[in-house]
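So the structure is just underneath, and the comments pick up after that.
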Amino acid sequence: MGLLKRHFYNSTSMNCQVFSYHGCGGNQNNFKTKKKCLEGCHPDETCTAAPVTGPCKARKPRYFYNSTSMTCQVFIYGGCGGNQNNFLTEKHCLKRCHSKEVCKEAPETGPCKARKMRYFYNSTLMRCEIFVYGGCSGNQNNFRTERQCMKKCHPKAN
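This is the structure:
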């Protein structure tokens with residue numbers, strides 16, 4: 001069997017890259033097409049991406065979730081382009097990104113292999129715990145610091 005052109009998700013560059021696959025062994029970070037790679041590994045940035053105005057000039061007030069302050073804030077949207085961190089109302093923004101329900105989700109490593117140390121809220125024990133995050137996919141119960149985790153999820157921290 002010859003070499004096969006495949007794609008893998010590079011969590012450092014946050015992009016899919018080509019590699020030569022020998023046809024056996026390997027891991028799950030191995031996709032036939034770049035499209036499949038992006039679908040399987042591109043991180044969900046709905047609640048973490050910076051707001052993007054876009055190239056158009058409509059000047060529509062919208063809301064984005066600021067994952068640092070853990071609040072929804074107004075920004076001016078041009079009407080086209082942009083990203084998923086773009087909500088018509090503060091209510092929609094809060095429902096998607098600041099729901100306490102995310103604090104009940106089990107930690108998800110995701111399919112990538114970056115091995116980043118992150119925190120998740122253990123709602124049974126009512127505390128934040130460390131888990132290993134692969135660097136892509138996963139869910140919103142995933143925090144860079146214990147402080148962020150406690151602030152969002154622990155009842156006494158709010």
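Numbered as in UniProt numbering, the sequence shown ends at 158 without a single skipped number. Backbone N, C-alpha and C define an ideal beta-carbon position, used for all residues, glycine too. Predicted model, so just to flag it, every value in this text is computed and none were measured.
Identified DSSP bridge partners for SER20: Within the sequence shown, numbered from 1, the residue matching residue 20 stands at position 20. Answer is LYS5.
TODO: Inspect the beta-carbon positions of ARG115 and ASN142 and report whether they are closer than 7 angstroms.
DONE: For the purposes of this step, residue 115 is taken as residue 115 along the sequence shown, with counting starting at 1. For the purposes of this step, residue 142 is taken as residue 142 along the sequence shown, with counting starting at 1. Their beta carbons are not under 7 angstroms apart, which means ARG115 does not touch ASN142 by this criterion.
Checklist line | Reduced DSSP secondary structure (H/G/I, E/B, other) of VAL74 | finding: Counting from 1 along the sequence shown, the entry for residue 74 is found at position 74. Looking at VAL74 - three-state DSSP - the assignment turns out to be strand.
* Asked: Counting only runs that start and end within the UniProt domain "BPTI/Kunitz inhibitor" (103–153), where is the beta strand (DSSP E) found for 3 or more residues in a row?
  -> 116–122 and 127–133
Suppose you measure from the CA of VAL52 to the CA of GLY2; what does that come to, to the nearest Å? To locate residue 52, count along the sequence shown from 1; it is residue 52. To locate residue 2, count along the sequence shown from 1; it is residue 2. Whole-angstrom Cα-Cα distance: 44 angstroms.
Beta carbon of GLY138 nearer than 7 angstroms to that of LYS113
Here the question's residue 138 lines up with position 138 in the sequence shown. Here the question's residue 113 lines up with position 113 in the sequence shown. No. Outside cutoff.
Residue from PRO61, ASN122 and GLU90 whose Cα sits closest to the Cα of GLU101:
Translated into positions along the sequence shown, residue 101 becomes position 101. The shortest C-alpha separation from GLU101 is found at ASN122.
- Please work out which residues of its chain come closer than 7 angstroms, Cβ to Cβ, to GLN73, disregarding the five sequence neighbours upstream and downstream, and give them in chain order. As a first step, residue 73 must be located in the sequence shown, where it is residue number 73. Contacts found: TYR63, PHE64 and ASN66.
Notebook entry, point to check: For ARG59, which of helix, strand or coil comes out of DSSP?
Noted result: Looking up residue 59 in the sequence shown gives position 59. Three-state DSSP puts ARG59 in coil, outside helix and strand.
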